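In our numbering, the protein residues as written are 1147 to 1245. A virtual CB, placed ideally from N, CA and C, is assigned to each residue, including glycine. Predicted model, so just to flag it, every value in this text is computed and none were measured.
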Amino acid sequence: MNRNTHKQIMTVMASYSKKGIPFRRKQIKRFLAIFDDIFAHEPTLGERLHSVGRRQIIGYWERTKHESSLVRKEKCQILIRFYTTAQLDVKVPHPRSFR
């Protein structure tokens, strides 16, 4: 992820990423890892945040089927929080629950 995209994400999530709250710090790391993965597998996006939509998020869920349902739920929560805070018109698809 390039420096500009990272700064945009951290600016949007500034109110969420407070010091001293380890779970939030962990969620921010997960969120950055999600976008790193999406940008690595979708080179046509050009690392633009407004270009990431439902199709890219569904592709991410398909690539991470092996994760537990709790981890996927927490990742979904941070994605929803980002898109509502950034006021982008993307409805985050929930991951399917796998056995």
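Nonlocal neighbours in the same chain, by C-beta distance under 8 Å from I1209, ignoring five residues either side: Rather than Ile, the amino acid found at residue 1209 in this sequence is Arg. Here the set comprises D1183, H1187.
Report the CB separation of I1174 from S1163 in whole angstroms; it is logged as a contact under 8 Å. Confirmed, Cβ separation roughly 5 Å.
Look at the alpha carbon of A1160 and the alpha carbon of H1212, and state the distance between them as a whole number of angstroms. So the alpha carbons of these two residues sit roughly 30 Å apart.
Residue ranges of each alpha helix (DSSP H) within the segment 1147-1208, 4 or longer: With a minimum length of 4 residues, the continuous alpha helix (DSSP H) runs that stay inside the segment 1147-1208 are 1149-1158, 1168-1187.
Between the Cα of R1250 and those of S1243, F1169, R1149, spot the shortest distance and give me the residue it belongs to. Look at the range of the chain in this structure, 1147 to 1245, and you will see that residue 1250 is not part of it.
Can you tell me the Cβ-Cβ gap for R1176 and I1224, rounded? I've got them flagged as a contact below 8 Å. 6 Å
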